[in-house]
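A.B. asks:
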Amino acid sequence: MEDLVLKKKSIHPGDSLETHFQKVDKLKVLSESLANSSAKAEKRIMENRLQREESLSFKITKTNEVSITEKELEGEISGLQKRRGQLEVELSKVNTKLNVTVVKLKKTREEKDQFDEASNQIVLHLKAKEDELSRSVASSKVEASTVRAWINFLEDTWKLQSLYEEIKEKQANDELDRCGVCFVNLIKHHVSACVDELNTSVDCIKTFVDNLKIFSDRSVSTDDGGLSKQSNPRKYLEEEYLETEKKVVTAFSLADNIRALTFSNPERKTRLDDPEVKNLFASIDRLRVEFESVPRPVLQIEINEKEEGSRRTRSPSSKGGGGGTPTHSRTESPIAAQLRTRLPSESDSEPGKFDQDYREYGADDIGGGEFDDLEGELRSGF
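So this is what it looks like as structure tokens:
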């Protein structure tokens with residue numbers, strides 16, 4: 001009895017679980033295949049419709065082009081027919097002119113015979129004139145010998161003058177070469193000082209940006225009312241950042257002035273084709289790219305100054321409004337303010353101090369002082 005119960009339990013109606021899943025998977029695969037086939041068929045239908053529309057539009061276009069060509073050919077044929085009639089009229093006119101020209105040719109030949117007779121008389125007169133001129137030529141030869149002696153004297157004088165000019169030009173070129181070497185050395189000195197200062201300042205800028213970012217992440221309070229630099233390190237960092245940024249912008253301005261002064265003259269540019277000078281200016285460009293790639297932080301000092309300025313501009317307008325609607329001043333874009341701080345202002349246009357040997361030279365001193373004097377001395381040669 002127990003065996004029968006076990007056999008009955010082992011018997012299941014229908015398919016097993018594994019067979020059921022296999023059938024379902026096969027049906028799913030078949031369904032996906034049918035869906036893909038239907039999608040491809042619809043795609044082909046759309047392509048056939050597009051091709052049919054394109055063929056119809058091409059047929060219409062060709063029909064229009066053929067009709068336009070026919071009209072043009074008809075117009076050309078009518079024009080040629082008119083031209084043929086005009087040419088026939090012109091041919092009749094040409095025949096008339098030809099007859100007139102033949103008559104004129106006959107008259108011209110008669111005049112030519114008369115002219116030949118007159119010209120023979122003129123030839124006899126000119127022969128007598130030639131004899132008279134031969135006598136004057138003999139006297140002119142005597143005068144030419146005198147002029148030739150004077151020409152020889154002038155040529156000898158010109159050779160001496162040319163020799164003197166060559167010696168003078170050689171001396172001037174030697175002096176210009178010496179001044180050019182001094183000018184190149186002066187450029188190297190100033191540009192290398194700018195590169196050294198910019199290397200240090202750009203590194204400081206990066207450090208200040210990183211430190212200010214740390215302060216921003218820590219949400220340090222920016223209220224500086226009555227606080228010293230030691231108790232408000234963020235304000236100290238922002239002031240140092242602005243001071244260093246001013247130095248960097250001033251150094252770039254000085255380097256640009258030197259570059260403009262150096263390469264303003266094409267002849268001077270060929271003389272300044274020095275690898276060291278090119279490398280120094282390439283370093284300036286590299287530092288400029290590196291400086292511009294550093295993101296400028298949002299400075300609380302500038303925000304406070306902007307808010308204070310807006311309050312100052314708002315207060316007089318509110319007093320003079322007389323109860324009317326207050327006029328709001330236009331808020332500048334923070335990007336424009338950031339770009340403005342990258343450039344030196346009018347009150348801060350003096351260049352910063354660089355190394356010990358370079359502190360005595362500023363941007364205005366280099367651009368309008370020493371370099372202008374040197375340029376004035378060398379302008380005639382460069």
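Quick note: the sequence shown uses UniProt numbering, first residue 1, plus one each step. Ideal Cβ positions, reconstructed from N, Cα and C, are used throughout, including at glycine.
1. To which residues of the same chain is residue 387 closer than 7 Å at the C-beta, ignoring the five residues directly before and after it?
2. Given a cut-off of 7 Å on the beta-carbon distance, is the pair V195 and S283 in contact?
3. Would you tell me roughly how many angstroms separate the C-alpha atoms of D210 and E308, rounded to the nearest one?
4. When you compare only the Cα positions, how much space is there between H189 and L261?
5. Please classify Y241 as buried or exposed, where buried requires at least 16 other C-beta atoms within 10 Å of its C-beta.
6. Using only CA atoms, which one of D203, L154 and L280 lies nearest to E245?
7. Please state whether the Cβ-Cβ distance between L237 and F208 is less than 7 Å.
8. Can you give me the start and stop residues for the alpha helix (DSSP H) that V294 sits inside?
9. Where does the unbroken alpha helix (DSSP H) through D273 begin, and where does it stop?
10. Between S201 and V248, is the Cβ-Cβ spacing less than 7 Å?
11. Please confirm whether P297 and L212 have their CB atoms less than 7 Å apart.
12. Along the alpha helix (DSSP H) that carries S67, what are the first and last residues, could you check?
13. If you draw a straight line from the alpha carbon of E130 to that of K106, how long is it in whole angstroms?
14. What are the start and end residues of the alpha helix (DSSP H) that includes residue 404?
15. State the Cα-Cα distance for the pair C182 and F281, rounded to the nearest angstrom.
16. Verify whether the separation of the beta carbon atoms of L287 and L198 is less than 7 Å.
17. Between the C-alpha atoms of C179 and I303, what's the straight-line distance to the nearest angstrom?
18. Suppose you measure from the CA of I68 to the CA of S92; what does that come to, to the nearest Å?
19. Would you call the CB atoms of residue 444 and V191 closer than 7 Å?
20. Roughly how many angstroms lie between the CA atoms of E169 and D156, to the nearest whole one?
21. Do residue 390 and F252 have their C-beta atoms closer together than 7 Å?
22. Quick check: what's the CA-CA separation for I151 versus S145?
23. Sorted by chain position, which residues of the same chain lie with C-beta nearer than 6 Å to S219's C-beta, five sequence neighbours on each side aside?
24. How many angstroms separate the CA atom of residue 424 from the CA atom of E166?
25. For D116, which residues in the same chain have their Cβ closer than 7 Å to its Cβ, ignoring the five residues on either side in sequence?
C.D. replies: From the atom records:
1. Because the chain here runs from 1 to 382, residue 387 falls outside it and cannot be looked at.
2. yes
3. 27 Å
4. If I take the Cα positions, the gap works out to 15 Å.
5. buried
6. The shortest Cα separation from E245 among D203, L154 and L280 belongs to D203.
7. yes
8. Going by DSSP, V294 is part of no alpha helix (DSSP H) at all; its letter is neither H nor E.
9. Premise fails: D273 is in no alpha helix (DSSP H) and is neither H nor E.
10. yes
11. yes
12. L17 to D217
13. 36 Å
14. Residue numbering for the chain in the displayed model covers 1 to 382; residue 404 lies beyond these limits and cannot be assessed.
15. When only Cα atoms are considered, C182 and F281 end up about 18 Å apart.
16. yes
17. 51 Å
18. 37 Å
19. Not covered by the structure: residue 444. The range shown for the chain is 1 to 382.
20. 20 Å
21. As shown, the chain starts at 1 and ends at 382. That puts residue 390 outside it, with no answer to give.
22. Each residue's Cα considered, the two are about 10 Å apart.
23. Legend: pLDDT at S219 = 48, less than 50; position of this residue unreliable, no value from coordinates given.
24. There is simply no residue 424 to check, as the chain begins at 1 and stops at 382 in what is shown.
25. none
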